[in-house]
Structure formats: structure tokens, C-alpha cells
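Step one of this worksheet: look at the structure below.
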Amino acid sequence: MAQEVRGVVAPGKNEPVRVETIVVPDPGPGEAVVQVQACGVCHTDLHYKQGGISDDYPFLLGHEAAGVVEAVGAGVTDVAPGDFVVLNWRAVCGQCRACKRGRPWYCFDTHNAEQKMTLASDGRELEPALGIGAFAEKTLVAAGQCTKVDPSVSPAVAGLLGCGVMAGIGAAINTGQVTRGDSVAVIGCGGVGDAAIAGARLAGAARIIAVDIDTRKLATAEKIGATHTVNSSTADPIEAIRELTGGFGADVVIEAVGRPETYKQAFYARDLAGTVVLVGVPTPEMTLELPLLDVFGRGGSLKSSWYGDCLPSRDFPMLIDLHTQGRLDLGAFVTETINLDEVEKAFERMHAGDVLRSVVML
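Given below as C-alpha cells:
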């Protein structure tokens with residue numbers, strides 16, 4: 001039987017979000033209903049609200065979540081009611097060209113629920129953020145979007161792996177392939193950038209340089225694992241990174257802002273044959289111009305990191321294990337816990353740089 005629950009909806013471009021009653025249908029074949037326990041407020045949700053993703057309003061926001069499976073549809077065998085799960089937006093299909101080549105972290109046909117959740121007031125279909133829609137007491141997802149993890153871990157920290165923390169750690173370890181002794185620079189020290197710093201530290205980087213224009217963010221980056229900081233509002237970040245790396249530039253530079261200006265900084269701040277990783281999400285109108293001779297002459301790799309090139313079934317449990325061992329402090333990313341009615345204010349605090357992560361608790 002379909003259920004009515006509360007959820008945070010973005011009704012139109014740049015309109016304030018509001019809490020609405022939504023209808024969650026029973027799970028169909030391959031689907032699951034999850035009782036959401038916690039969901040992080042991610043910048044991607046703000047992009048949805050602002051129209052930076054698409055104009056398929058209304059959106060049911062929220063995607064960085066953990067909770068308990070309540071019910072599953074026909075044919076679901078990997079999860080069962082009662083399982084504690086982190087939700088993900090890479091439910092691999094197993095059949096596309098990437099999956100068949102043994103690269104499921106690039107899956108080009110990821111699964112979402114077939115059915116739509118709707119507004120109780122008028123029956124309009126809701127577009128769930130990243131196919132999840134977890135600023136809600138319950139949500140309907142494809143069963144493959146549920147990854148079982150250790151139930152002893154707090155939902156507030158486990159859910160962060162669903163997007164930002166995984167994106168940053170994966171940008172360093174999976175995409176950038178940071179290894180022991182490397183020098184790493186991270187431009188942009190929000191949640192994703194700080195997670196990239198944590199990933200570089202896990203991988204054994206010898207020098208981790210945090211770059212931002214906000215002294216508060218730089219202080220947090222040091223707590224996460226940065227060995228050096230650069231305030232790019234007062235210093236040229238390219239020159240500063242070179243100075244901190246013997247005049248050469250960093251082995252890996254991770255751009256976690258998503259702007260042409262900062263991407264160029266990353267490009268010129270890397271060593272010859274070094275790697276640039278773009279994990280910051282640009283907006284559709286942005287363009288980039290670089291001298292082609294510089295692209296050729298500097299060698300190395302220019303990469304984009306999709307979701308940290310993660311495989312949730314492999315990476316989520318591993319990172320949870322590292323957290324329980326005390327080697328990865330996921331709790332350091334949680335600035336505050338809030339309720340559903342405070343999401344709009346959380347967006348304002350995020351935009352002002354006042355929080356690393358606000359987490360909605362349900």
C-alpha cells in the first residue's frame with residue numbers, strides 16, 4: 001500500500017524549498033523502499049534548486065543518505081527488510097559496454113526506480129535528485145542503489161559516503177591514483193575537497209597542499225590532513241604550490257571547485273607528466289580555453305572524476321571499515337544536524353561557507 005510521508009521539494013527555479021506530503025508507492029520489481037535516517041545537504045541539491053541540473057521541476061531533493069530497508073519488490077535478493085544501507089546513485093547495470101569490459105565504476109546505464117513518487121496535493125510526479133530523493137522520511141529507489149554497511153555506524157556519517165565524501169576520496173585514490181610519497185594539491189576546500197585531502201592522506205601522500213580563499217576552510221583542511229595551506233586570495237596558488245614542491249609542481253592536483261579559473265590553476269600547478277583531476281561540477285555555460293601546445297608539452301593526464309570513480313559495493317564497506325578502525329574520521333565532516341524544515345537555511349549556510357556538512361536527521 002502506498003504511503004504518505006514528508007519530503008523537501010524544490011517547486012521551481014530558485015524558489016525556496018518547502019516540506020510537502022509525498023506519496024511513496026509500494027516497491028515494484030527490482031525496487032526498494034528505504035526508511036531514511038540521515039541525509040547530508042550537498043551542493044548538488046542546491047544545483048537542482050537553482051536549475052543547474054535540469055528544469056524537470058518539481059524535484060524531491062536529497063541524495064547523500066543512509067537508512068533501513070523497509071520493503072523490497074519482486075526479484076530483489078541483494079538486500080532485505082531490516083538491512084542498514086547507504087544509498088548510491090551508481091546502481092550498475094552489468095550489461096553496458098563499461099560493465100562488460102570490467103569497469104563498472106563507469107557504468108553508462110545505472111538503474112533508478114521505475115515508479116515515480118508524487119505530490120499528495122495534486123498527483124504531480126516528482127523527479128528525485130540523482131534518482132534518490134532522500135530529504136524524505138521514506139524514499140523509493142532501485143534495489144541496486146542500496147549498499148549494505150556495518151549497522152553499528154552512525155547514519156549521520158555513513159550517509160556522507162553516498163556522495164560528497166566518496167567523490168572526494170575517490171578523486172584522490174581511484175581517479176588520481178595518489179600513492180605513497182606523492183605531492184598533492186587540492187583546490188577548493190569544501191566537503192568534496194576536504195574528502196580529497198582525507199583520501200590523499202589515506203593513500204600515503206607525503207605533501208598535501210590545501211588551497212582556498214577562506215581561512216576557516218583552510219583551518220579545517222589542516223585538521224582533515226593537509227600538511228600545507230595556501231590562501232589564494234592573497235597569494236598566487238600556482239607559484240605557491242611550485243614553491244612547496246621544489247619548484248616543480250604537484251604530482252596530482254585535484255580541482256574541487258568546478259570553474260575555468262581554478263581549473264587553469266590546477267593545470268599549471270602540476271608537475272610535468274603530472275595529473276589533474278576535475279571533481280568540482282561546472283555549470284552548463286562554462287567553457288575552458290588552454291593553449292594546445294601547453295596541453296601537449298606538459299604531458300601527463302587530465303581526468304574527470306565521476307562520483308570518485310567508485311564502485312559502491314566495493315568502496316562503501318571498505319571506507320566504513322576504515323572509519324571504525326579510527327583511520328578515517330567521517331565525523332569530522334559533520335558540522336551540524338538539522339531537521340527537514342531547516343534545509344533552506346542549510347543552503348544559505350552552505351553558500352556562505354559556514355558549514356562543511358549539514359545533515360538532516362529523520
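Numbering follows full-length UniProt numbering, in which position 66 of the sequence shown is assigned residue number 66; successive positions increment by one, without gaps.
Just so you know, even glycine gets a beta-carbon here, dropped at the ideal spot from N, CA and C.
Quantities reported herein were computed from a predicted structural model and do not represent experimental measurements.
**Request:** Report yes or no: do the region 129-138 and the region 33-45 share at least 3 C-beta pairs separated by less than 8 angstroms?
**Result:** When C-beta atoms of the region 129-138 are compared with those of the region 33-45, three or more pairs fall below 8 angstroms, so the two segments count as touching.
**Message:** In the DSSP output, which residue or residues are listed as bridge partners for HIS63?
**Reply:** Here residue 63 corresponds to residue number 63 of the sequence shown, with the count starting at 1. When DSSP reads this structure, HIS63 sits in no beta bridge, so it has no partner.
**Asked** Does the separation of the CB atoms of GLY67 and GLY28 fall below 8 angstroms?
**Response** Counted from its first residue, the sequence shown places residue 67 at position 67. Counted from its first residue, the sequence shown places residue 28 at position 28. At a Cβ-Cβ threshold of 8 angstroms, GLY67 and GLY28 do not count as neighbours.
**Prompt:** Among ILE254, TYR263 and ALA250, which one has its Cα closest to the Cα of GLY274?
**Reply:** For this step, residue 274 is matched to residue 274 along the sequence shown. GLY274 has its Cα closest to that of ALA250, out of ILE254, TYR263 and ALA250.
**Prompt:** Are the region 249-265 and the region 171-182 in contact at 8 angstroms, needing three or more beta carbon pairs?
**Reply:** Yes: at least three Cβ pairs fall under 8 angstroms.
**Message:** Helix, strand or coil, according to DSSP, for ASN112 in the structure here?
**Reply:** Numbered from its first residue, the sequence shown carries residue 112 at position 112. In the displayed model, ASN112 falls within coil according to three-state DSSP, outside both helix and strand.
**Prompt:** So who's on the other strand from LYS148, going by DSSP bridges?
**Reply:** Here residue 148 refers to the residue found at position 148 of the sequence shown. DSSP output for LYS148 lists VAL85 as bridge partner(s).
**Request:** Check the DSSP bridge columns for HIS228 and list the partner residues they point to.
**Result:** As a working note, residue 228 is residue 228 in the sequence shown. Secondary-structure assignment with DSSP links HIS228 through a beta bridge to ILE209.
**Prompt:** Buried or exposed: where does MET117 fall if 16 or more other Cβ atoms within 10 Å of its Cβ makes it buried?
**Reply:** Position 117 of the sequence shown, counted from the start, is the residue given in the question as residue 117. Buried, because 16 or more other Cβ atoms sit within 10 Å of the Cβ of MET117.
**Prompt:** Hey, out of SER154, MET286, VAL86 and ALA206, whose CA is closest to THR324's CA?
**Reply:** For this step, residue 324 is matched to residue 324 along the sequence shown. Here the closest residue by C-alpha is SER154.
**Prompt:** Considering only C-alpha positions, which residue in the set PRO11, THR77 and VAL85 is nearest to GLY51?
**Reply:** Along the sequence shown, read from residue 1 onward, the residue named residue 51 stands at position 51. That would be PRO11, whose Cα lies nearest to the Cα of GLY51.
**Item:** Bridge partners - LEU302, DSSP secondary structure assignment
**Value:** In the sequence shown, counting from the first residue as 1, residue 302 sits at position 302. Answer is VAL276.
**Request:** Using 10 angstroms around the beta-carbon of MET350, count the other beta-carbons present and answer buried if the total reaches 16, otherwise exposed.
**Result:** For the purposes of this step, residue 350 is identified with residue 350 of the sequence shown, where counting begins at 1. MET350 should be labelled buried.
**Message:** If I measure Cβ to Cβ from GLU70 and keep anything under 7 angstroms in the same chain, skipping five residues before and after, which residues do I get?
**Reply:** In the sequence shown, the residue the question calls residue 70 occupies position 70. So the list reads VAL33, VAL34, GLN35, PRO81 and LYS138, once near-sequence residues are dropped.
**Asked** For the beta strand (DSSP E) that contains LYS138, what are its first and last residues?
**Response** For this step, residue 138 is matched to residue 138 along the sequence shown. For LYS138, the uninterrupted beta strand (DSSP E) segment begins and ends at 138-142.
**Item:** Cut-off 6 angstroms between Cβ atoms - residues of its own chain near GLU125, not counting five sequence neighbours on either side
**Value:** For the purposes of this step, residue 125 is taken as the residue at position 125 of the sequence shown. Around GLU125: LYS116 and THR118.
**Extent of the continuous alpha helix (DSSP H) run through MET350** = Locating residue 350 in the sequence shown gives position 350, where the first residue counts as 1. From DSSP, the alpha helix (DSSP H) with MET350 extends over 343-351.
**Beta-carbon gap between ARG201 and GLY225 smaller than 8 angstroms** = Position 201 of the sequence shown, counted from the first residue, corresponds to residue 201. Position 225 of the sequence shown, counted from the first residue, corresponds to residue 225. Cβ atoms of ARG201 and GLY225: closer than 8 angstroms.
**Item:** Supposed contact pair VAL149 and VAL79 - C-beta distance, whole angstroms, cut 8 angstroms
**Value:** Counted from its first residue, the sequence shown places residue 79 at position 79. Counted from its first residue, the sequence shown places residue 149 at position 149. The beta carbons of VAL79 and VAL149 sit about 11 angstroms from each other, so the pair does not count as a contact at 8 angstroms.
**Request:** Just the C-alpha distance for GLY176 and ARG270, rounded to the nearest angstrom, thanks.
**Result:** As a position in the sequence shown, residue 176 is number 176, starting the count at 1. As a position in the sequence shown, residue 270 is number 270, starting the count at 1. Spanning the alpha carbons of GLY176 and ARG270 requires a straight line of approximately 12 angstroms.
**Message:** Rounded to whole angstroms, what is the Cα-Cα separation between VAL92 and PHE333?
**Reply:** Numbered from 1 along the sequence shown, position 92 holds the residue referred to as residue 92. Numbered from 1 along the sequence shown, position 333 holds the residue referred to as residue 333. Taking the CA atoms as reference points, VAL92 sits about 27 angstroms from PHE333.
**Request:** Using a threshold of 8 angstroms, state whether the C-beta atoms of GLY353 and ARG259 are closer than that.
**Result:** In the sequence shown, the residue the question calls residue 353 occupies position 353. In the sequence shown, the residue the question calls residue 259 occupies position 259. Result no, Cβ atoms of GLY353 and ARG259 do not sit closer than 8 angstroms.
**Request:** Please go through the same chain and pick out, in chain order, the residues whose beta-carbon is closer than 6 angstroms to the beta-carbon of ASP212, but skip the five residues on each side of it.
**Result:** On the sequence shown, residue 212 is found 212 positions in, with the first residue counted as 1. Cβ contact annotation for ASP212 (same chain, cutoff 6 angstroms, sequence separation greater than five): CYS189 and LEU218, in chain order.
**Prompt:** Taking the C-alpha atoms as reference points, what is the distance between ILE241 and GLY75?
**Reply:** The residue labelled residue 241 in the question sits at position 241 within the sequence shown. The residue labelled residue 75 in the question sits at position 75 within the sequence shown. One C-alpha to the other measures close to 53 angstroms.
**Asked** Quick one, which of HIS111, ASP341, GLU348 and LYS345 has its alpha-carbon nearest MET361's?
**Response** Looking up residue 361 in the sequence shown gives position 361. The shortest C-alpha separation from MET361 is found at ASP341.
**Request:** Determine the extent of the beta strand (DSSP E) in which GLY170 is found, giving its start and end residues.
**Result:** Numbered from its first residue, the sequence shown carries residue 170 at position 170. Following the DSSP letters along the chain, one finds GLY170 in no beta strand (DSSP E) but inside the alpha helix (DSSP H) bounded by residues 164-170.
**Request:** Between the Cα of PRO346 and those of VAL17, ALA120 and PRO128, spot the shortest distance and give me the residue it belongs to.
**Result:** Here residue 346 corresponds to residue number 346 of the sequence shown, with the count starting at 1. First, the amino acid is wrong: residue 346 is Ala here, not Pro. From the listed residues VAL17, ALA120 and PRO128, the smallest Cα separation to ALA346 is found for VAL17.
**Item:** Start-to-end residues for the beta strand (DSSP E) that takes in CYS39
**Value:** Numbered from its first residue, the sequence shown carries residue 39 at position 39. Note, CYS39: beta strand (DSSP E), 31-40.
**Message:** So, at 7 angstroms on beta carbons, what are the nonlocal neighbours of CYS99 in its own chain, with the 5 sequence-adjacent residues on each side left out?
**Reply:** By one-based count along the sequence shown, residue 99 stands at place 99. For CYS99, where only same-chain residues beyond five positions count, the Cβ hits under 7 angstroms are VAL92, CYS93 and CYS107.
**Request:** For the beta strand (DSSP E) holding VAL281, just list the boundary residues, first then last.
**Result:** The residue given as residue 281 occupies position 281 in the sequence shown. In this chain, VAL281 is not harboured by any beta strand (DSSP E), its DSSP state being neither H nor E.
**Message:** Checking 8 angstroms against the spacing of the C-beta atoms, do LEU140 and ALA158 come in under that value?
**Reply:** Within the sequence shown, residue 140 is the residue found at index 140, counting from 1. Within the sequence shown, residue 158 is the residue found at index 158, counting from 1. Taking 8 angstroms as the Cβ cut-off, LEU140 and ALA158 do not qualify as a contacting pair.
**Message:** The alpha helix (DSSP H) that contains ARG242, what's its start and end?
**Reply:** Stepping through the sequence shown from its first residue, residue 242 is reached at position 242. Here the alpha helix (DSSP H) through ARG242 covers 237-243.
**Prompt:** Between the C-alpha atoms of VAL178 and TYR268, what's the straight-line distance to the nearest angstrom?
**Reply:** Here the question's residue 178 lines up with position 178 in the sequence shown. Here the question's residue 268 lines up with position 268 in the sequence shown. Rounded to the nearest angstrom, the two C-alpha atoms are 18 angstroms apart.
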